Amino acid sequence: MAFQAIQAALFTDSVADRGIKEGDAPVAPRQSERTWPAASRQVAKDPVENRSLILRVFLPFVAGYYIAYLFRTINAVMAAPLATELGLGADDLGLLTSVYFLTFAAAQIPIGILLDRHGPRRVQSVLLVIAAVGSTLFAVSDHFWMLLVGRALIGLGVASAMTGGLKALVLWFPGDRVPLLNGLMVMLGALGAVTATLPADLLLDWIGWRELFGLFAGLTAASAAIVYLIVPEATPAATGAVSVGLRKVYADRRFWRLAPLSASCIGTAWALQGLWAAQWLKDVEGLDRAGVVFHLFAMAVALSLGAILLGVAADRLRRRGVGPEVLLGLVAALFIATQFALILRLPLPSYLQWAVVAAVGAATVLSFTILAEYFPKQLAGRANGALNLFHIAVAFAVQYTTGVVLQHWTPEAGHYPEIAYQTAFALNLALQIVAWIWFALPWAFLRPSAVYRRRPSES
């Protein structure tokens, strides 16, 4: 039943919608899309083809994204055992967790080029093998620097999990379903963040963190094999078009209006959920380990639900002529207000505030949908990689610099004072406010219908 629901959501009325927008008949496939991409134009008419696309394209990349989320957020649960066993301080924990984002970010532009040149199947499968190696190294590490190298390899290995999946979606599925597809992929992938809370905590008590990362290594290697063996091959792009396309992305004014807000909000949400939310809850809220883990579980559920809700909302608004820029601006404003409430310690439910923080991490659904409106499919890998570079760079900077700021205070009984967290969070919040103003001002003078732009012609 769940499989049929996904199939219906992805394909129902997709051809009819394209006919309304682009003429009386579905758009003819481009000459550069020969096999699977060409077949995707007819998927709404062929239920067997629909099921094959879901099984051979959608679900394998969802599995890779699930693993990426699992690795991204697992350190929030593991911070205490690692700190106790290896004697790590706040700055060590910040660096160990954020180095994942450092290598992830460094790989985004090369990966975007490789995705457009060689297709998501080859790139994703090779990189997941690297992630499996990194997880294995992490599992056998006996000092900080080995852990750091293992974590760095993990970040590199899952660096294409999002952009590779997005590239696959725009290659093989109807373009008018991209917002909903993005939401479904992030929702299902974010279950990895759910797994990294209560289930991971139970496994830590049962088998220990070394064995847990050994298990992750096996799952990652299996996912790499599935992608390589099941996902169909994509038609490679011409080498000359790749470099030209990257310059086109970075020369676009709309990209530079979107990137600061998207990166500062989404990157902060990832950084907080991946490490500092747990430390805040322990040090500021005074929760025990069970209370912290339950909060992290609620945050992971909020992230998953937020993805599909944002995807559905973007899809519905698109049908009414309202672009995803409007929704992203509203989500960012809510995120900023929530951080103000946390910093000022307003009497609001802790679960609600941190659920909002986590859900904003799913706003990639909106950001990448906006990029799909700005750039054609041929530039999808480079455009997504270029924006994701900023997301990950901000996540790294927030995770690391928060630890550095905290180190300026002396912990009392193993807990950093409230003012330390408030200072670190407030410094980052100021940058988000500037980014929101930069993003919102041009749209403030436009009607909602004028904000939405049709996807660029790909003929």
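Per the numbering used here, numbering of the sequence shown is gapless, rising by one per residue and ending at 476. The C-beta atom is built at its ideal place from N, Cα and C for all residues, glycine as well. Source: prediction; values computed, not measured.
Could you check where the alpha helix (DSSP H) with residue i kicks off and where it finishes?
i      : result
Glu342 : 341-361
Arg134 : 125-135
Ile409 : 397-423
Arg337 : No alpha helix (DSSP H) contains Arg337, which DSSP labels as neither H nor E.
Ala97  : 92-103
Arg274 : 270-288
Asp300 : 294-300
Thr212 : 208-212
Spell out the partners DSSP gives residue i in its beta bridges.
i      : result
Glu435 : In the DSSP output, where bridge partners are listed per residue, Glu435 has none listed.
Glu429 : His432
My output table needs one value for residue i: the three-state DSSP class, helix, strand or coil.
i      : result
Ser177 : coil
Leu145 : helix
Asp159 : coil
Glu228 : helix
Ala42  : Below a pLDDT of 50, predicted positions are generally treated as unreliable, and Ala42, at 36, falls in that range; the measurement from the model is reported next regardless. Of the three classes helix, strand and coil, the one that applies to Ala42 here is coil, per DSSP.
Glu50  : Confidence is the limiting factor: at Glu50 the pLDDT is only 39, short of 50, which leaves the residue's position unreliable, though a coordinate-based value still follows. Here Glu50 sits in coil by DSSP.
Gly378 : helix
Pro459 : helix
Glu250 : coil
Leu165 : helix
Asp222 : helix
Phe233 : helix
Phe392 : coil
Leu304 : coil
Phe190 : coil
Gly106 : coil
Leu322 : helix
Leu170 : helix
Pro366 : coil
Gln59  : Any reading at Gln59 must be qualified, since the residue scores a pLDDT of 41, below 50, and its modelled position is unreliable; the value itself is stated next. Here Gln59 sits in coil by DSSP.
Applying the 10 Å Cβ sphere with the 16-neighbour rule, what's the burial state of residue i?
i      : result
His160 : exposed
Thr114 : buried
Thr101 : exposed
Ile454 : exposed
Pro13  : Any answer about residue 13 is impossible in this case: the structure gives the chain only from 18 up to 476.
Val451 : exposed
Thr316 : The sequence shown places Met at residue 316, not Thr. Classification of Met316: buried, given that the 10 Å Cβ count is 16 or more.
Tyr368 : exposed
Asp300 : buried
Val74  : buried
Ala93  : buried
Glu228 : exposed
Thr427 : exposed
Gly338 : exposed
Ile224 : exposed
Gln48  : In this prediction, Gln48 has a pLDDT of 37, which is less than 50 and means its spatial position is unreliable; what the coordinates show is noted afterwards. By the neighbour-count rule (16 or more Cβ atoms within 10 Å), Gln48 is not buried but exposed.
Pro191 : buried
Ala372 : buried
Arg477 : What the structure shows of the chain is the stretch from 18 to 476, and residue 477 is not part of that stretch, so it cannot be assessed.
Ile171 : buried
His432 : exposed
Arg274 : buried
Phe128 : A quick correction: the sequence has Ile, not Phe, at residue 128. Ile128 comes out buried.
Does the stretch 235-253 come into contact with the stretch 326-342, if we say contact requires no fewer than three beta-carbon pairs (one atom in each stretch) closer than 8 Å?
Because the criterion of three Cβ pairs below 8 Å is not met, the stretch 235-253 and the stretch 326-342 do not touch.
Do the stretch 397-413 and the stretch 345-361 meet, that is, are 3 or more Cβ pairs less than 8 Å apart?
Inter-segment contact for the stretch 397-413 and the stretch 345-361 is absent: fewer than three beta-carbon pairs are separated by less than 8 Å.
Looking at C-beta atoms only, is the number of pairs between the stretch 284-295 and the stretch 372-380 that lie closer than 8 Å three or more?
A contact exists between the stretch 284-295 and the stretch 372-380.
So, does the stretch 131-145 touch the stretch 166-180, judging by three or more C-beta pairs under 8 Å?
Yes, the stretch 131-145 is in contact with the stretch 166-180.
Stretch pair the stretch 304-314 + the stretch 383-397: three plus CB contacts closer than 8 Å:
Counting Cβ pairs under 8 Å, fewer than three are found: no touch.
Taking 8 Å as the threshold, find out whether the stretch 180-188 comes into contact with the stretch 69-85 through three or more Cβ pairs.
Proximity of the stretch 180-188 to the stretch 69-85 meets the contact definition, three or more beta-carbon pairs being nearer than 8 Å.
Can you find at least 3 beta carbon pairs, one from the stretch 264-281 and one from the stretch 394-403, that sit closer than 8 Å?
Touching, yes.
On the three-pair Cβ rule with 8 Å, is the stretch 195-208 touching the stretch 322-329?
A contact exists between the stretch 195-208 and the stretch 322-329.
Answer yes if the stretch 148-168 comes into contact with the stretch 207-221, meaning at least three C-beta pairs across the two stretches below 8 Å, and no otherwise.
Under the three-pair Cβ rule at 8 Å, the stretch 207-221 does not count as touching the stretch 148-168.
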